[in-house]
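Below is one structure, written out as structure tokens, with a few remarks after it.
There are 2 protein chains.
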Amino acid sequence: MARIYERVALIGLGLIASSMAHAMRRGGLAGEIVGTARSVETREIASEIGFCDRVVDSATEAVQGADLVVLAMPIGAMEPVALEIGPHLAKGATITDVGSVKRAVVEAVGPHLPDHVDFIPGHPLAGTEHSGPRSGFAELFENRFTILVPDENANTEAVARLTRLWEGMGAKVETMEVDHHDLVLAVTSHTPHLIAYTMVGVADDLRRVTDSEVIKYSAAGFRDFTRIAASDPTMWRDVFLNNKEATLEILGRFTEELFALQRAIRTGDGDHLFDYFTHTRAIRRGIIEAGQDTDAPDFGRIGKKS
Amino acid sequence: MARIYERVALIGLGLIASSMAHAMRRGGLAGEIVGTARSVETREIASEIGFCDRVVDSATEAVQGADLVVLAMPIGAMEPVALEIGPHLAKGATITDVGSVKRAVVEAVGPHLPDHVDFIPGHPLAGTEHSGPRSGFAELFENRFTILVPDENANTEAVARLTRLWEGMGAKVETMEVDHHDLVLAVTSHTPHLIAYTMVGVADDLRRVTDSEVIKYSAAGFRDFTRIAASDPTMWRDVFLNNKEATLEILGRFTEELFALQRAIRTGDGDHLFDYFTHTRAIRRGIIEAGQDTDAPDFGRIGKKS
Chain A
80 MARIYERVAL
90 IGLGLIASSM
100 AHAMRRGGLA
110 GEIVGTARSV
120 ETREIASEIG
130 FCDRVVDSAT
140 EAVQGADLVV
150 LAMPIGAMEP
160 VALEIGPHLA
170 KGATITDVGS
180 VKRAVVEAVG
190 PHLPDHVDFI
200 PGHPLAGTEH
210 SGPRSGFAEL
220 FENRFTILVP
230 DENANTEAVA
240 RLTRLWEGMG
250 AKVETMEVDH
260 HDLVLAVTSH
270 TPHLIAYTMV
280 GVADDLRRVT
290 DSEVIKYSAA
300 GFRDFTRIAA
310 SDPTMWRDVF
320 LNNKEATLEI
330 LGRFTEELFA
340 LQRAIRTGDG
350 DHLFDYFTHT
360 RAIRRGIIEA
370 GQDTDAPDFG
380 RIGKKS
Chain X
80 MARIYERVAL
90 IGLGLIASSM
100 AHAMRRGGLA
110 GEIVGTARSV
120 ETREIASEIG
130 FCDRVVDSAT
140 EAVQGADLVV
150 LAMPIGAMEP
160 VALEIGPHLA
170 KGATITDVGS
180 VKRAVVEAVG
190 PHLPDHVDFI
200 PGHPLAGTEH
210 SGPRSGFAEL
220 FENRFTILVP
230 DENANTEAVA
240 RLTRLWEGMG
250 AKVETMEVDH
260 HDLVLAVTSH
270 TPHLIAYTMV
280 GVADDLRRVT
290 DSEVIKYSAA
300 GFRDFTRIAA
310 SDPTMWRDVF
320 LNNKEATLEI
330 LGRFTEELFA
340 LQRAIRTGDG
350 DHLFDYFTHT
360 RAIRRGIIEA
370 GQDTDAPDFG
380 RIGKKS
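So the protein sequences, as listed, match chains A and X.
Using my numbering, read the first sequence as starting at 80 and increasing by one per residue.
Using my numbering, read the second sequence as starting at 80 and increasing by one per residue.
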């Protein structure tokens, strides 16, 4: 595959950035990969693993001469970094990010960037419950969507080039309007995560059922929630603080539906429950048909003695 | 492995019963397996697949001379079947079931059984989102728990024999008090299922996000909910109608916690969110350590292009 950027600067070296480095190397997509992270420990681990060509001590140093800069830290940390690197960005460079919320990133980062760069915020819909520089792997983005949210005046050539990079890493790329992205993700990701966190917290807090019982019998449904609820706490705190409005809206709808089902249970309205459950089953079928999950029973866990 | 029962009658031939048949055959655990189901279509499919030695037209016929009878239909259908088979049960036979709620089964089935049989209700914590006679496979119970809830006067020999059968099918067997079972399962299974159903319903119902967007971007967390929410509607309707009290109690706790997190989002209380998410992450670790799930990222989905 052809080289797409000459020098890529990764700022933040967690799951996403380290996976990008592995994927760019595999595809020969970047001339040089320079990485940095705030924590000394993270930088040391990244150096040891060697997925960057160079690991440097500061964001300012990392962006020197880079034609692509990727902000890959929690959303709450983006504004100070944008302030720091703004004056050091190369002319014609593309700046992107991988944050799960986009309006907040646009507002935190955009104003601090010089006019001579292209800012194209992005969000790879990929991840695992693991985090940190050791958790990255080249296949993370394969067959997954990356959403770019360029503004209406964006440089179309810069957008096309960033698209080629993501495609080279295996992703399917879509563009979307910023606020619509945040609403769609509130439905498909943010609210489900909050609910999973809540359920796991409730289970742990219940006095009459012991922790060991919860863990022992988790296979009955609960453990899928625990996987979701094992995701990085800092990242998720920042998601909820920065996608407040859309998350609260969807939560409101969720509570309304939940109360209706709760009432059906209390009053013994079996038809309501049956109809609701039949309807949701059809949605699953749509996801399988769209190729967004495997139809293998129980995620293919069956048969593997874990 | 040694034969444990001479003749096993399976009443209901869905995922659980068909998996039991496959597993009993694999282990040589039953002399003869006789099956029946209410629906002609199900009986025909079962005959075609051939996981039973005989498929018969009625429960009465199925239980003739059986030393083990397994009630494997939705909970709401159990009482009439118990009434029907009661007079035809062989002396010394063991009657068990595979329902997800146990107090309701004890009350629906127990009074209709003669004194000369042993009634040992049970619940295999195993399943997939698929249902019906075609969905069964011999490995379903491997490394999963089956909970038996014999009453205090139960015949210990009969309990030991049924335990050996489940162990022969690969399960780990535990006994538990009836009501405690229902509470534990309300936490680890019933409430998580209701919540997943609710979230999937909300996503589908939202006007400003299209169905195709929900499906397309489901990989970000939502699709794990859809898998749970694809389970058999009849079975789950009966679970909620029959484990009303415990489910409503856990739902009450859930709503309370959810409101607290919602408030933290609204007021921007990042510390509350961070602490909560850090705590729930530790619970996931417990589940991995207890061998109840794989630590492979994203359930091992990664790399398999589904």
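Yeah, the Cβ is synthetic: ideal placement off N, Cα and C, and Gly gets one too.
Asked                                                                                                                                                                                         : Found
Roughly how many angstroms separate the alpha carbons of HIS272(X) and LYS181(X), rounded to a whole number?                                                                                  : 17 Å
Please name the residue or residues paired with PHE130(X) in a DSSP beta bridge.                                                                                                              : Answer by DSSP bridge pairing: none, since PHE130(X) is not bridged.
Tell me, please, whether the CB atom of PRO271(X) is closer than 9 Å to any CB atom in chain A?                                                                                               : yes
Could you check whether the Cβ of SER385(X) sits closer than 9 Å to any Cβ belonging to chain A?                                                                                              : Because SER385(X) carries a pLDDT of 32, less than 50, the predicted location of this residue cannot be relied on, and no value is offered for it.
Looking at the secondary structure, which residues open and close the beta strand (DSSP E) in which GLY88(X) lies?                                                                            : The amino acid at residue 88(X) is misidentified as Gly; the sequence shows Ala. First-last of the beta strand (DSSP E) with ALA88(X): 84-90.
Is THR175(A) near PHE301(X), with beta carbons less than 9 Å apart?                                                                                                                           : no
Looking at C-alpha atoms only, which residue of ALA239(A), SER310(A), TYR84(A) and ASP317(A) is the closest neighbour of GLY347(X)?                                                           : ASP317(A)
I need the straight-line Cα distance from VAL281(A) to ARG332(X), nearest angstrom please.                                                                                                    : 7 Å
Give me the chain X residues within the contact set of PRO312(A), using Cβ-Cβ distance strictly less than 7 Å, ordered along the chain.                                                       : PHE353, PHE356, THR357 and ARG360
Provide the residue span of the alpha helix (DSSP H) that contains LEU320(X), from first to last.                                                                                             : 312-321
Identify every run of the alpha helix (DSSP H) within the segment 319-347 of chain X, keeping only runs that are complete inside it and at least 4 residues long; order them along the chain. : 323-346
For chain A, check one thing: does any of its Cβ atoms lie closer than 9 Å to the Cβ of ALA369(X)?                                                                                            : yes
Count the C-beta pairs between the segment 318-326 of chain X and the segment 304-311 of chain A that are closer than 8 Å, then say yes if the count reaches three, no if not.                : no
Ignore the nearest five residues each way along the sequence and tell me which others in ALA88(X)'s own chain have a CB closer than 6 Å to its CB.                                            : VAL113, ALA141, VAL142, ALA145 and VAL148
Does DSSP classify ILE199(A) as helix, strand or coil?                                                                                                                                        : coil
For the segment 247-271 of chain X, which segments carrying the alpha helix (DSSP H) assignment without a break, of at least 4 residues, lie completely within its bounds, in sequence order? : 257-264
Under the rule that 16 or more other beta-carbon atoms within 10 Å means buried, what is SER210(A), buried or exposed?                                                                        : buried
How far does the alpha helix (DSSP H) with GLU163(A) in it extend, from its first residue to its last?                                                                                        : 157-164
State the Cα-Cα distance for the pair GLU218(X) and ALA250(X), rounded to the nearest angstrom.                                                                                               : 10 Å
May I ask you to verify whether the segment 324-331 of chain X touches the segment 146-165 of chain X, counting CB pairs closer than 8 Å and requiring at least 3?                            : no
Could you please give me the residues that DSSP links to ASP176(A) through a beta bridge?                                                                                                     : LEU150(A)
Candidates GLU85(X), LEU108(X), ARG86(X) and GLY91(X): which alpha carbon is nearest TRP245(X)'s?                                                                                             : LEU108(X)
Could you name the residues of chain A that MET278(X) contacts, counting a contact when the two beta carbons are closer than 8 Å?                                                             : THR270, PRO271, ILE274 and PHE333
Under a Cβ-count criterion, where at least 16 other Cβ atoms within 10 Å of its own Cβ denotes burial, should LYS170(A) be classed as buried or exposed?                                      : exposed
Does ARG213(X) have its Cβ less than 9 Å from a Cβ in chain A?                                                                                                                                : no
On the DSSP bridge assignment, give the partners of GLY114(A) in chain order.                                                                                                                 : LEU89(A) and VAL134(A)
From ALA81(X), ARG213(X), HIS167(X) and ASP194(X), pick the residue whose C-alpha is nearest to that of ALA96(X); which is it?                                                                : ARG213(X)
Does any residue of chain A bring its CB to less than 9 Å from the CB of ASP284(X)?                                                                                                           : yes
Give a yes or no on whether the minimum CB-CB distance between TYR84(A) and chain X is below 9 Å.                                                                                             : no
Nearest to ILE226(A) by CA position, among MET248(A), GLY206(A) and PRO200(A), is which residue?                                                                                              : PRO200(A)
Between ASP176(X) and chain A, is there a C-beta pair that is closer than 9 Å?                                                                                                                : no
Bridge partners for PHE353(A) per DSSP, in chain order?                                                                                                                                       : DSSP lists no partner for PHE353(A).
Quick one: what does DSSP say LEU241(A) is sitting in, helix, strand or coil?                                                                                                                 : helix
Sorted by chain position, which residues of the same chain lie with C-beta nearer than 6 Å to GLU368(X)'s C-beta, five sequence neighbours on each side aside?                                : none
If you draw a straight line from the C-alpha of GLU335(X) to the C-alpha of GLY178(A), how long is it?                                                                                        : 30 Å
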